[in-house]
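Asks: I'd like to ask you about the structure that follows.
2 protein chains.
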Amino acid sequence: MIQLPPLEANSSIPLYRQLYAGIRDAIQTGLLRQGDQIPPTRELAQLAGVNRATVAAAYELLESEGLIRGHVGRGSFVLGSGDKPRTREADLISFATSRPAEQLFPMQSFRATVNDVLADGRLSSILQLGAPAGYAPLRRWLREASGLATPADEVMVTSGCQQALDLIQRSMLSPGDTVMVEDPVYPGLKNVFERGRLRLVPMPLGADHVDPAQVERLIAAERPRMIVVTPDFQNPTGASMPVETRRRVALAAARAQTPIIEIDLYRDLRYEGEALPTLKEMAPEAEVLLLRSFSKIAFPGLRIGWVLGPQPLIARLVEAKQWADLHSDQLSQAILLRFAESGRLQRHLEQMIGAGRECLAAAMEGCERELPPGTRYTRPQGGMNLWVTLPEPLDATELLPVAEREGLTYLPGRHFQIEARASGQLRLSFAGLPPASIRTGLAALGRAVRSELERMRTVERPTPATAMV
Amino acid sequence: MIQLPPLEANSSIPLYRQLYAGIRDAIQTGLLRQGDQIPPTRELAQLAGVNRATVAAAYELLESEGLIRGHVGRGSFVLGSGDKPRTREADLISFATSRPAEQLFPMQSFRATVNDVLADGRLSSILQLGAPAGYAPLRRWLREASGLATPADEVMVTSGCQQALDLIQRSMLSPGDTVMVEDPVYPGLKNVFERGRLRLVPMPLGADHVDPAQVERLIAAERPRMIVVTPDFQNPTGASMPVETRRRVALAAARAQTPIIEIDLYRDLRYEGEALPTLKEMAPEAEVLLLRSFSKIAFPGLRIGWVLGPQPLIARLVEAKQWADLHSDQLSQAILLRFAESGRLQRHLEQMIGAGRECLAAAMEGCERELPPGTRYTRPQGGMNLWVTLPEPLDATELLPVAEREGLTYLPGRHFQIEARASGQLRLSFAGLPPASIRTGLAALGRAVRSELERMRTVERPTPATAMV
Numbered sequence: 001m002i003q004l005p006p007l008e009a010n011s012s013i014p015l016y017r018q019l020y021a022g023i024r025d026a027i028q029t030g031l032l033r034q035g036d037q038i039p040p041t042r043e044l045a046q047l048a049g050v051n052r053a054t055v056a057a058a059y060e061l062l063e064s065e066g067l068i069r070g071h072v073g074r075g076s077f078v079l080g081s082g083d084k085p086r087t088r089e090a091d092l093i094s095f096a097t098s099r100p101a102e103q104l105f106p107m108q109s110f111r112a113t114v115n116d117v118l119a120d121g122r123l124s125s126i127l128q129l130g131a132p133a134g135y136a137p138l139r140r141w142l143r144e145a146s147g148l149a150t151p152a153d154e155v156m157v158t159s160g161c162q163q164a165l166d167l168i169q170r171s172m173l174s175p176g177d178t179v180m181v182e183d184p185v186y187p188g189l190k191n192v193f194e195r196g197r198l199r200l201v202p203m204p205l206g207a208d209h210v211d212p213a214q215v216e217r218l219i220a221a222e223r224p225r226m227i228v229v230t231p232d233f234q235n236p237t238g239a240s241m242p243v244e245t246r247r248r249v250a251l252a253a254a255r256a257q258t259p260i261i262e263i264d265l266y267r268d269l270r271y272e273g274e275a276l277p278t279l280k281e282m283a284p285e286a287e288v289l290l291l292r293s294f295s296k297i298a299f300p301g302l303r304i305g306w307v308l309g310p311q312p313l314i315a316r317l318v319e320a321k322q323w324a325d326l327h328s329d330q331l332s333q334a335i336l337l338r339f340a341e342s343g344r345l346q347r348h349l350e351q352m353i354g355a356g357r358e359c360l361a362a363a364m365e366g367c368e369r370e371l372p373p374g375t376r377y378t379r380p381q382g383g384m385n386l387w388v389t390l391p392e393p394l395d396a397t398e399l400l401p402v403a404e405r406e407g408l409t410y411l412p413g414r415h416f417q418i419e420a421r422a423s424g425q426l427r428l429s430f431a432g433l434p435p436a437s438i439r440t441g442l443a444a445l446g447r448a449v450r451s452e453l454e455r456m457r458t459v460e461r462p463t464p465a466t467a468m469v
Numbered sequence: 001m002i003q004l005p006p007l008e009a010n011s012s013i014p015l016y017r018q019l020y021a022g023i024r025d026a027i028q029t030g031l032l033r034q035g036d037q038i039p040p041t042r043e044l045a046q047l048a049g050v051n052r053a054t055v056a057a058a059y060e061l062l063e064s065e066g067l068i069r070g071h072v073g074r075g076s077f078v079l080g081s082g083d084k085p086r087t088r089e090a091d092l093i094s095f096a097t098s099r100p101a102e103q104l105f106p107m108q109s110f111r112a113t114v115n116d117v118l119a120d121g122r123l124s125s126i127l128q129l130g131a132p133a134g135y136a137p138l139r140r141w142l143r144e145a146s147g148l149a150t151p152a153d154e155v156m157v158t159s160g161c162q163q164a165l166d167l168i169q170r171s172m173l174s175p176g177d178t179v180m181v182e183d184p185v186y187p188g189l190k191n192v193f194e195r196g197r198l199r200l201v202p203m204p205l206g207a208d209h210v211d212p213a214q215v216e217r218l219i220a221a222e223r224p225r226m227i228v229v230t231p232d233f234q235n236p237t238g239a240s241m242p243v244e245t246r247r248r249v250a251l252a253a254a255r256a257q258t259p260i261i262e263i264d265l266y267r268d269l270r271y272e273g274e275a276l277p278t279l280k281e282m283a284p285e286a287e288v289l290l291l292r293s294f295s296k297i298a299f300p301g302l303r304i305g306w307v308l309g310p311q312p313l314i315a316r317l318v319e320a321k322q323w324a325d326l327h328s329d330q331l332s333q334a335i336l337l338r339f340a341e342s343g344r345l346q347r348h349l350e351q352m353i354g355a356g357r358e359c360l361a362a363a364m365e366g367c368e369r370e371l372p373p374g375t376r377y378t379r380p381q382g383g384m385n386l387w388v389t390l391p392e393p394l395d396a397t398e399l400l401p402v403a404e405r406e407g408l409t410y411l412p413g414r415h416f417q418i419e420a421r422a423s424g425q426l427r428l429s430f431a432g433l434p435p436a437s438i439r440t441g442l443a444a445l446g447r448a449v450r451s452e453l454e455r456m457r458t459v460e461r462p463t464p465a466t467a468m469v
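For the record, the sequence lines run as chains Z and W. Per the working numbering, residue 1 is the first one in the first sequence, and the count goes up by one each step. Per the working numbering, residue 1 is the first one in the second sequence, and the count goes up by one each step.
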């Protein structure tokens, strides 16, 4: 077998696509030749450190493009080097990643901020080993700026929200523990909790986020160790909790003495409507860990997030953090503190909200105009994502190669789902794209959906067998 | 709150003294800083699994030494690191941390390097989300510069060596697995592996590092899942493996198909003698993960380390890394790449070696001149640490307050030990101090040792009770 390029799992390109592209390139560059056998899914999964479903998806795509063919009991073999006209990867409009547009990064502000830090008398101590809880001046600033910290609360810095979720899983939960999570949910959360062998109880999301009565019933019935919610512009659906839902969920958790993990990454990116209170504010008696991050506003490559919550819980997370990586990068902590203190963060946020509003409008207009009847989609008031349900019987995974030939890519719903169910859903991350690309991309999605519906109608149906009597 | 060392119920040191010492160490090593709140007695009692009176006694002692202060209704806070009859923190000569001296950071080079990165056309993509395996140009540079990578090897970037150890524990080992480790050993390794509930088989270290015959026997008898060694200037002992030991250990592990974790942080800091080959070079057939870092040369606050090893093992670590924190800070990766590529790293390393050579000479001279007969110490040829064995019956933990009154601090050996044993050992991290401070500090240590020996001789012995008849 040839050496495949290492998979970059956080790339905007899904793992199975990277695997597909690696093998396709190997075929097209002649490293793999016609008749060469390719490894069974189990073997390649082990080699590449991914699960078998990922390999299977890559093989399906290779087979659908005529690059390989499977033979029952014999394995899969290279067929040839393909032909069909495909869109080049670089030209694809990617709705696949929930992250801010690089084009909107305030580079001048960033350079000015770094220059401030370079001139800071504390620079050499910033570059020295620091404290596991984070750079003290940043922690103080975050605590003040939150406006939410009680005297019993502490702030700790994490390497992004992903690390906060991981530290929570490691230090507060044990295998077999029941945790209530939104369904669909952010894959990084699902993955961390599944690796921790937690028992995930899904709270199905609708257009109005979770159903509070159902959440109350589940808390009573399941007695979870923890409940994890994203009240604002949830990833992947874009749904937000109405204020009454916030109140009921927070109170139900407080009554059951169930800690709440409140993922609060998107709150600042509200393009429409009025800001709603956090669950932490709705029920001061609830035990809430609030997870926040700079990464959705700017510079996610700096990996700085934080957790605000009751001191004893933070103490456990800090302990886990110390042995995970000692502490987060201090230069970036100092840069983001300066960015915030100088007022540049606030000015940039205003830019981001303006740009996001245009993106959201383009996305809504595109969905309405381009997607055929029978397609449903959420209508977020902020954040970065919306959730599309394709007309029956379309499957979002099967549609993906068609969509990519039309010029766009996205993540199929299965990446986000906790319980198996409808396969016709997909996430569109709209906020990292220029409005013109959003419009072009949605037109392409509309074409893909229509052509696939057409194909389904004309495909030959198997004749039902005569009843055996 | 920081991690406190686990309390030892059977120790001759009362629990409250252990708790006191843990918090004092945290303050003196900077894990707790001035103004940090310390938990209410009830909370800490719960966390540490002791009763409130024990915590209250520890706090009283800390308060009496001027380390913390309680405010009615607000809790207790770190004041500083003591005053009164004790030397003020700022004046204490700290041999407690194995890290480079902040005074030696090449700040002008650092600023120039950052300015290069700010001018780099790729800056905005550096600030965008990156790949779990690390910033590709840095990975390429590390791979080339190592001179050790075979075509089957890959490089991944970690948030320091600490994260590499944690990812190895998480992705390659399961609770109950046997791992062979040096004894004494770096506490961050011991702690991570103990938290992973591994079974640690100690390889006792002497002046010549491990005994190769013993390692061979242990590998055969214990069939470990992994063996972890630090061949150059081991932390805490400063000992290095002779070349013949390297060969025998590498071959024994290769024969048993036991992966080797080779911690290779100090290699570049050789002040005397000739460089010796890595275990990876000694036995190309062995499965070796080489752990390296920038943190011992400069700027540990940037938290950039890396792992070099066979692609399938790296793939597992990268997958674990993705869910731990997505990826390491990219700005710092780009800065350190530029620092290295520009030749500044090499020039700085030469400075560090020159300075380290003076530190080592001052430390050796100080030990010889100042420590009373009966004191033993290692004679490292590089790195940052040496290991002192006090004359019997001195205890390094009990000596610490005496030493601090004389003006120096250090970490007692118990932080590093795997199996309980002699308590008369301590680590001196010499490389982060100016030579004059090393000399002053060792003179102070000599006074402390002599005064404690004197006190032990004159202390009243309990008169044996008359037998009851």
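We put the beta carbon where it would ideally sit given N, CA and C, even for glycine.
For Trp323 (chain W), return the contacting residues in chain Z, with the cut-off set at a CB-CB distance below 8 Å.
Replies: Those within 8 Å of Trp323 (chain W) in chain Z are Gln162, Asp166, Gly188, Asn191, Val192 and Arg195.
Asks: Let me know if Ser174 (chain W) comes out buried or exposed under the rule of 16 or more other beta-carbons within 10 Å of its beta-carbon.
Replies: Classification for Ser174 (chain W): exposed.
Asks: Helix, strand or coil for Pro401 (chain W), going by three-state DSSP, please let me know.
Replies: Pro401 (chain W): helix per DSSP, three-state reduction.
Asks: Since Gly305 (chain Z) and Leu291 (chain Z) should fall inside the 8 Å C-beta cutoff, what is the C-beta to C-beta distance between them, to a whole number of angstroms?
Replies: Indeed, because the Cβ distance is near 7 Å, the residues count as touching under 8 Å.
Asks: Counting Cβ pairs closer than 8 Å, one from the stretch 342-349 of chain Z and one from the stretch 314-333 of chain Z, do we hit at least three?
Replies: At 8 Å Cβ cutoff, the stretches do not touch.
Asks: Using the three-state DSSP reduction, which class does Asn191 (chain Z) fall into: helix, strand or coil?
Replies: If DSSP states are grouped into helix, strand and coil, Asn191 (chain Z) belongs with the helices.
Asks: Could you check what DSSP says for Ile263 (chain Z) in three-state terms: helix, strand or coil?
Replies: DSSP places Ile263 (chain Z) in strand when its eight states are reduced to three.
Asks: Nearest-angstrom Cα distance between Ala275 (chain W) and Val243 (chain W)?
Replies: Cα to Cα, Ala275 (chain W) sits roughly 10 Å from Val243 (chain W).
Asks: Rounded to whole angstroms, what's the CA-CA distance from Pro372 (chain W) to Leu165 (chain W)? Just pull it up for me.
Replies: C-alpha separation (whole angstroms): 38 Å.
Asks: What does a CB cutoff of less than 6 Å around Ala286 (chain W) pick up in its chain, not counting 5 residues either side in sequence?
Replies: The answer, listed in chain order, is Ala250, Ala253, Ala254 and Ile260.
Asks: Determine the closest residue to Gly22 (chain W) out of W:Tyr59, W:Met352 and W:Thr440, with distance taken between C-alpha atoms.
Replies: Gly22 (chain W) has its Cα closest to that of W:Tyr59, out of W:Tyr59, W:Met352 and W:Thr440.
Asks: Measure the CB-CB distance between Ser293 (chain Z) and Gly188 (chain Z) and report whether it falls below 8 Å.
Replies: It is not a contact, given that the beta carbons lie outside the stated cut-off.
Asks: Assuming the contact rule is C-beta atoms closer than 8 Å, Val155 (chain W) and Arg143 (chain W) should be a hit. Round their C-beta distance to whole Å, please.
Replies: Between Arg143 (chain W) and Val155 (chain W) the Cβ distance is about 5 Å, and since that is below 8 Å, they are a contact.
Asks: DSSP three-state call for Arg86 (chain W): helix, strand or coil?
Replies: Below a pLDDT of 50, predicted positions are generally treated as unreliable, and Arg86 (chain W), at 44, falls in that range; the measurement from the model is reported next regardless. Coil.
Asks: What in chain Z is Cβ-close to Asp329 (chain W), meaning under 9 Å?
Replies: Those within 9 Å of Asp329 (chain W) in chain Z are Ser159, Gly301, Leu302, Arg303, Ile304, Ser328, Asp329, Leu331 and Ser332.
Asks: Could you check where the alpha helix (DSSP H) with Ser451 (chain Z) kicks off and where it finishes?
Replies: Taken as a continuous stretch (DSSP letters only), the alpha helix (DSSP H) holding Ser451 (chain Z) covers Pro435 to Thr458.
Asks: Could you tell me whether the stretch 353-368 of chain Z touches the stretch 196-210 of chain Z, where touching means 3 or more Cβ pairs closer than 8 Å?
Replies: No, they do not touch.
Asks: Note down the Cα distance separating Ser76 (chain W) from Glu65 (chain W), rounded to an integer number of angstroms.
Replies: One C-alpha to the other measures close to 14 Å.
Asks: Could you tell me if Asn385 (chain W) is buried or exposed, where buried requires 16 or more neighbouring beta carbons within 10 angstroms of its beta carbon?
Replies: Looking at its Cβ environment, which holds 16 or more other Cβ atoms inside 10 Å, Asn385 (chain W) is buried.
Asks: Are the stretch 414-431 of chain W and the stretch 37-51 of chain W in contact at 8 Å, needing three or more beta carbon pairs?
Replies: No: fewer than three Cβ pairs fall under 8 Å.
Asks: Please classify Gln34 (chain W): is it buried, with 16 or more other beta-carbons within 10 angstroms of its beta-carbon, or exposed?
Replies: Exposed: under 16 other Cβ atoms inside 10 Å.
Asks: Taking Cβ-Cβ distances shorter than 8 Å, what residues in chain W pair up with Gly49 (chain Z)?
Replies: Residues of chain W passing the Cβ test: Pro312, Ala315, Arg316, Val318 and Glu319.
Asks: Counting only the same chain and skipping the five closest in sequence on each side, list residues whose C-beta sits under 8 Å from that of Val318 (chain Z).
Replies: Cβ within range, chain order: Pro132, Ala133 and Met156.
Asks: Output the distance between the C-alpha atoms of Met282 (chain W) and Val114 (chain W), rounded to the nearest integer angstrom.
Replies: The straight-line gap from Cα to Cα measures roughly 38 Å.
Asks: I want to see whether chain W comes within less than 8 Å of Arg455 (chain Z), judged by CB atoms only; does it?
Replies: So no, Arg455 (chain Z) is outside the interface.
Asks: Anything in chain W within Cβ reach of Leu127 (chain Z), meaning under 8 Å, just list it in chain order.
Replies: Ordered by position in chain W, the residues that pass the 8 Å Cβ test against Leu127 (chain Z) are Glu102, Phe105, Phe110, Ala298, Phe299, Pro300, Gly301 and Leu302.
Asks: If you reduce the DSSP assignment to three classes, tell me which class Gly35 (chain Z) lands in.
Replies: Reduced to three states, the DSSP call for Gly35 (chain Z) is coil.
Asks: Quick one: using the 10 Å Cβ neighbour count with 16 as the cut-off for buried, is Asp153 (chain W) buried or exposed?
Replies: That one is buried.
Asks: Check whether the stretch 431-450 of chain Z and the stretch 91-104 of chain Z are in contact - that is, three or more C-beta pairs closer than 8 Å.
Replies: Yes, the stretch 431-450 of chain Z is in contact with the stretch 91-104 of chain Z.
Asks: Taking 8 Å as the CB-CB cut-off, is Pro6 (chain Z) touching chain W?
Replies: Closer than 8 Å to some Cβ of chain W, the Cβ of Pro6 (chain Z) qualifies, so yes.
Asks: Spell out the partners DSSP gives Leu428 (chain W) in its beta bridges.
Replies: DSSP lists W:Leu386 as partners of Leu428 (chain W).
Asks: Identify, in the order they occur along the chain, each residue of the same chain with its Cβ nearer than 6 Å to the Cβ of Phe339 (chain W), setting aside the five sequence neighbours on each side.
Replies: Taken in chain order, the residues that qualify are Thr113 and Leu345.
Asks: Taking buried to mean at least 16 other C-beta atoms within 10 Å of its own C-beta, is Glu454 (chain Z) buried or exposed?
Replies: Classification of Glu454 (chain Z): exposed, given that the 10 Å Cβ count is below 16.
Asks: Nearest chain W C-beta to Leu433 (chain Z) closer than 8 Å, yes or no?
Replies: Not closer than 8 Å to any Cβ of chain W, the Cβ of Leu433 (chain Z) fails to qualify, so no.
Asks: Between the stretch 392-403 of chain Z and chain W, which residues of the former have a C-beta closer than 7 Å to a C-beta of the latter?
Replies: If the cut-off is 7 Å between Cβ atoms, the stretch 392-403 of chain Z has nothing near chain W.
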